[in-house]
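Once you know that position 354 of the sequence shown is 356 in this note's numbering, the rest is easy, because the numbers rise by one and skip nothing.
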Amino acid sequence: MKKVITQQASQPLNWEDKSKLIFEKIIINESYVDISGLLNDADITLEDIAYALCNINDLSPIIIPNIVRSLKISIALKKEDLSKYNDFILSFVQNNSSDFKPEFIQFKSFDYSLPYLSKYTFLKNLYIQTGIQIIVKREYHRLSEGDLRELKLAREFYLNITKYNNDNPSIDPVSLIEMIHEACNKACSPDGYPTDYHKAVKILFNLDLSQLAELPNVNMDSEEIKIQDFLLKQYIEQKIIGEIYSVKHYDNLYFNMVKVTEANVQEWKKYSHNQSRLASKHQDNIKKEYQTIINQIEVGLIGFDASLSFYDNDKTEVWVAYASYVPVTDPNEVNLSEIEMFVTISTSQNSPFTSHMGITRSATSLLADKEVHRDLATHLHTFAAQVMLKRYPQKKYMINIPMREMRDILCRAFESKNMQNALYISDDKTKYSGNTIEQLLNAEKALEPKYKEVMKLSYDRLNITATFHDTRLERRLLQQQDAIKKSENFKPVLIEYLNNEAEGRNKDCTFILIDKENNELCRLDRNLQQGEYAWFFQHAHQFESRSGTEPMVIVDLNKLATLKNIEINNINMEAREDSLFNLKKQAKLQEEERVRLQAEQRKAQEEAERQIQAELQRQQEEKRVHLEAERQKQSELQRQQEEKRVHLEAERQKQAELQRQQEEKRVHLEAEQRKVQEEAERQIQAELQREQAEKRALLEDQQIKAQEEAERHKQAELQRQQEEERARLEAERQRQAELQREQARKRVHLQAEQRKAQEEAELQRQQAEKRVPSEAEPQRQTVLQREQVETKQKRKNITKLDKSYFQRLKEFVNKIFNYNKATQLAGKIILGCLCLAGITLGLVILYYGAKKISPNTVSNIQQKIGSYLPTAPVLSKVINKAKSFATRMDSQAKEYIGHNIR
3 MKKVITQQAS QPLNWEDKSK LIFEKIIINE SYVDISGLLN DADITLEDIA YALCNINDLS
63 PIIIPNIVRS LKISIALKKE DLSKYNDFIL SFVQNNSSDF KPEFIQFKSF DYSLPYLSKY
123 TFLKNLYIQT GIQIIVKREY HRLSEGDLRE LKLAREFYLN ITKYNNDNPS IDPVSLIEMI
183 HEACNKACSP DGYPTDYHKA VKILFNLDLS QLAELPNVNM DSEEIKIQDF LLKQYIEQKI
243 IGEIYSVKHY DNLYFNMVKV TEANVQEWKK YSHNQSRLAS KHQDNIKKEY QTIINQIEVG
303 LIGFDASLSF YDNDKTEVWV AYASYVPVTD PNEVNLSEIE MFVTISTSQN SPFTSHMGIT
363 RSATSLLADK EVHRDLATHL HTFAAQVMLK RYPQKKYMIN IPMREMRDIL CRAFESKNMQ
423 NALYISDDKT KYSGNTIEQL LNAEKALEPK YKEVMKLSYD RLNITATFHD TRLERRLLQQ
483 QDAIKKSENF KPVLIEYLNN EAEGRNKDCT FILIDKENNE LCRLDRNLQQ GEYAWFFQHA
543 HQFESRSGTE PMVIVDLNKL ATLKNIEINN INMEAREDSL FNLKKQAKLQ EEERVRLQAE
603 QRKAQEEAER QIQAELQRQQ EEKRVHLEAE RQKQSELQRQ QEEKRVHLEA ERQKQAELQR
663 QQEEKRVHLE AEQRKVQEEA ERQIQAELQR EQAEKRALLE DQQIKAQEEA ERHKQAELQR
723 QQEEERARLE AERQRQAELQ REQARKRVHL QAEQRKAQEE AELQRQQAEK RVPSEAEPQR
783 QTVLQREQVE TKQKRKNITK LDKSYFQRLK EFVNKIFNYN KATQLAGKII LGCLCLAGIT
843 LGLVILYYGA KKISPNTVSN IQQKIGSYLP TAPVLSKVIN KAKSFATRMD SQAKEYIGHN
903 IR
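Okay, structure coming up:
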């Protein structure tokens with residue numbers, strides 16, 4: 003930790019530019035001032051913030067209310083931040099000229115890797131130097147009431163000694179002692195008692211204030227010593243009163259009760275730690291009948307350790323009562339390895355009650371398989387009660403919150419003596435099941451065999467132990483209520499609490515103890531609870547644990563002292579003063595002893611050096627011989643390795659030659675195999691090609707033959723079709739000739755009407771015949787279009803044919819298509835013929851129409867043509883003949899019919 007910063011906080015550069023930003027980001031709440039928003043700004047340093055806070059009244063219109071007593075810094079403190087923020091806080095506090103005087107500084111958290119000692123030292127040193135309590139919110143790091151009292155003492159002494167050091171480089175012992183006493187008077191306990199001088203010396207020595215500031219030296223006769231050395235001398239010269247009470251209970255068992263003092267407290271703490279370590283380490287190696295006991299040792303040691311920490315509290319006494327296999331005569335020389343059971347007894351001078359806490363069997367005795375005495379706990383409680391009554395006859399009760407097993411042992415012990423009214427169980431936190439005493443007793447008896455079986459095991463999966471003890475506790479509470487109703491002897495000891503909302507905790511609660519005669523024995527407010535009675539109210543397993551599951555127990559101390567037959571003896575009834583060190587008497591002896599030891603050490607060292615030199619020489623000679631032998635062995639090994647290498651080289655060459663020959667053989671074989679394989683592949687390819695050629699030639703011959711056969715059939719069919727076509731055309735020509743003759747006969751009657759039209763048609767025909775064949779195609783198309791237009795115009799002048807002719811033609815065609823599929827082709831052929839006849843008729847009509855024939859002539863022509871239409875029998879014959887060639891003519895008939903229809 004750095005020294006105190008004495009220089010004034012200097013005005014930072016560019017303050018005008020920074021001040022506005024700083025005061026905008028400072029958050030002022032009704033309970034704190036938060037500067038966390040300034041920490042992330044790279045342009046603002048902690049020195050800037052310190053300067054702003056120190057001069058906030060002069061530099062800013064911001065007004066901080068007087069009730070604001072906390073400075074908030076939301077940052078997780080890391081190891082490298084401790085020194086930086088320590089300097090920031092010191093600079094702010096020492097140079098603060100504003101009205102803002104914080105009492106607390108809140109940080110967010112500590113870095114998880116920061117050791118606890120570093121965190122605690124940071125909190126303590128800042129409090130000593132500034133008087134401000136540092137609180138770390140997230141981790142709940144804050145100084146306890148006991149810590150604050152010690153640090154308040156250290157701060158008072160620190161302020162006085164640093165102020166004195168400004169004017170004087172040294173201080174005399176008397177002034178220093180007066181300064182310590184002044185600090186003791188200012189650092190009083192909550193109930194008004196000054197701190198004990200020797201305790202203050204111990205506190206100041208442990209804190210070592212020389213790390214925080216430069217302290218003056220102490221003038222001791224002809225020399226100057228440091229304050230730390232003076233405190234050590236004062237500490238070791240203090241008188242410690244050691245007391246012990248003892249009684250021989252059995253031939254090999256002694257009860258002893260020793261007061262815990264500065265001289266032996268560390269031994270007891272070390273002993274407790276060793277017992278915990280042994281119990282944890284050998285938990286699985288202990289005998290099965292001791293398994294339950296070894297599991298409960300850890301719980302008892304927690305209460306034992308907590309009681310030891312109050313040994314130097316104001317007006318407080320802490321004793322250790324223990325059963326040992328050997329007697330004890332010196333309170334500072336206890337044979338801890340011979341202890342079988344131990345417990346702490348705590349009380350204070352003005353207290354009407356005591357407390358027994360942390361009763362535990364020794365793990366050492368269990369592991370050493372020493373004799374285990376039964377019912378030892380009640381005897382030890384009785385012995386402790388007798389000692390307390392011998393020292394303080396006015397004390398009336400023993401109050402504690404025992405474990406359920408210990409409570410059960412005490413209850414059974416008093417029940418066996420018919421002294422049930424000696425023990426009162428507080429039931430203000432107990433929930434009842436609603437069962438009667440008889441029902442609970444039956445349930446208890448039913449559970450007892452299972453409970454005994456579980457006690458022999460190392461586990462209790464069904465939670466039988468808790469169920470059994472809860473049932474027994476409820477039964478005893480009901481019996482206690484009945485006894486109180488029936489008899490005045492069972493009138494309870496009353497403990498009243500003011501401010502019931504805080505019941506179960508010591509905060510803002512007044513504790514009142516009333517005896518059976520309604521006498522108020524004590525009324526303890528918060529100051530007394532944190533002062534003289536801290537051993538009971540601040541103890542983690544006493545009054546503070548009342549919010550747990552086990553009830554508080556109040557035992558009549560006089561009846562507890564008579565529970566067993568024990569008589570105690572006080573080895574030293576008058577207090578015996580034992581010095582830890584007596585410097586004046588022992589300095590000369592220590593110096594002589596030191597000189598003698600140094601001479602012996604020098605002589606032993608010289609002798610050891612001679613022996614070491616001789617041993618080294620012998621070892622070197624042995625090493626030289628050994629190295630020579632090793633060298634020869636290495637040479638032999640090298641020769642053998644060389645021979646082996648030559649042999650291996652020859653073998654390697656031989657192997658290489660064999661591998662080369664094998665490689666050549668392999669290459670030759672692969673070449674032969676490739677040749678054979680290639681030859682076989684060529685033969686296979688040739689054979690395949692030959693077979694394919696034969697197959698191809700055979701297929702070609704077959705295709706040629708098939709084509710020739712098909713061609714022959716086709717030619718024959720075409721010839722036959724042509725023959726039929728010629729016959730059909732011949733018949734058609736004959737029919738046309740007949741029609742022409744008929745028309746010639748009628749033409750005479752129509753010549754007059756058609757002469758003009760015939761002449762025009764003849765003229766057009768002659769013009770068309772005379773037209774040059776080599777004319778351009780577009781001209782030909784134009785002429786054809788014009789002829790078509792003229793033909794259409796002529797058709798309009800001709801009387802339309804009777805539609806009944808075409809209707810009958812359509813019906814006739816439909817009848818033909820209703821025959822089976824084999825006759826459809828023949829029907830199509832006939833349809834084509836009919837269409838051809840119709841077309842011919844149309845051409846004739848057009849021709850004669852051009853000559854302006856009369857409608858009567860057209861009607862006659864129509865009737866004659868209709869007479870030539872075939873009848874049904876004729877059609878049947880035609881169809882039967884057409885079946886043989888219907889299939890072959892399908893494609894040609896479709897084309898022909900389609901062309902004529904269009």
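Where a beta carbon is used, it is the ideal one built from N, C-alpha and C, also for glycine. Since the model is a prediction, treat every value here as computed from it, not as a measurement.
How far does the alpha helix (DSSP H) with residue i in it reach, from first residue to last?
| i | result |
| --- | --- |
| arginine 474 | 466 to 488 |
| aspartate 558 | Unbroken run through aspartate 558 is the beta strand (DSSP E), 555 to 558; no alpha helix (DSSP H). |
| serine 177 | 175 to 188 |
| phenylalanine 207 | 199 to 209 |
| asparagine 529 | 528 to 532 |
| tyrosine 53 | 48 to 56 |
Buried or exposed: residue i, going by 16 or more other Cβ atoms within 10 Å of its Cβ?
| i | result |
| --- | --- |
| serine 435 | exposed |
| alanine 202 | buried |
| leucine 660 | exposed |
| lysine 802 | Residue confidence for lysine 802 is low, a pLDDT of 48 falling below 50, so the modelled location carries little weight; the figure read from the coordinates is stated next. Lysine 802 comes out exposed. |
| proline 117 | exposed |
| histidine 358 | buried |
| arginine 788 | exposed |
| glycine 302 | buried |
| aspartate 558 | buried |
| glutamine 10 | Because the pLDDT of glutamine 10 is 44, which lies under 50, any placement of that residue in the model is unreliable, and the number read from its coordinates should be weighed accordingly. Exposed, by the Cβ-count rule. |
| methionine 1 | Within the shown structure, residues of the chain are numbered from 3 to 904, placing residue 1 beyond reach of any answer. |
| glutamate 771 | exposed |
| proline 104 | buried |
| threonine 331 | exposed |
| leucine 459 | exposed |
| valine 648 | exposed |
Mapping DSSP to helix, strand and coil, what is residue i?
| i | result |
| --- | --- |
| leucine 23 | helix |
| lysine 454 | helix |
| glutamine 540 | coil |
| arginine 525 | strand |
| glutamate 579 | Note that glutamate 579 has pLDDT 38, beneath the 50 cutoff, so the model's placement of it is unreliable and the number below is only indicative. Reduced to three states, the DSSP call for glutamate 579 is strand. |
| valine 220 | strand |
| leucine 41 | coil |
| aspartate 36 | strand |
| serine 76 | strand |
| threonine 318 | strand |
| serine 172 | strand |
| isoleucine 832 | helix |
| isoleucine 295 | helix |
| threonine 784 | helix |
Looking at the unbroken beta strand (DSSP E) that takes in residue i, where does it start and where does it end?
| i | result |
| --- | --- |
| aspartate 905 | In the structure as shown, the chain begins at 3 and stops at 904. Residue 905 is therefore absent and cannot be evaluated. |
| glutamate 226 | 225 to 227 |
| leucine 515 | 512 to 516 |
| isoleucine 136 | 135 to 138 |
| isoleucine 107 | 106 to 112 |
Looking at the C-beta of residue i, does it have a partner C-beta in chain D at a distance below 9 Å?
| i | result |
| --- | --- |
| serine 489 | The question asks about chain D, but that chain is absent: this structure has only one protein chain. |
For the 8 Å Cβ check, are there 3 or more pairs between the stretch 165 to 179 and the stretch 85 to 104? no
Starting from the N-terminal side, write out each stretch of the beta strand (DSSP E) that is 3 residues or longer and does not extend beyond the stretch 235 to 293. 241 to 244, 246 to 252 and 255 to 261
Mind pulling the alpha helix (DSSP H) runs of 4 or more residues that sit fully within the stretch 327 to 382? 365 to 369
Going residue by residue through the stretch 396 to 436, where are the continuous alpha helix (DSSP H) segments of at least 4 residues, counting only ones entirely within it? 406 to 418
Answer yes if the stretch 280 to 292 comes into contact with the stretch 441 to 449, meaning at least three C-beta pairs across the two stretches below 8 Å, and no otherwise. no
Under 8 Å: do the stretch 389 to 405 and the stretch 369 to 380 share three or more Cβ pairs, one atom per stretch? no
Considering only residues of the stretch 631 to 663, which uninterrupted alpha helix (DSSP H) runs meet the minimum length of 4 residues and lie entirely inside it, listed in chain order? none
Examine the Cβ distances between the stretch 358 to 368 and the stretch 304 to 314 and report whether three or more of them are shorter than 8 Å. yes
Validate contact between the stretch 148 to 158 and the stretch 106 to 115 using beta carbons, cut 8 Å, 3 pairs: no
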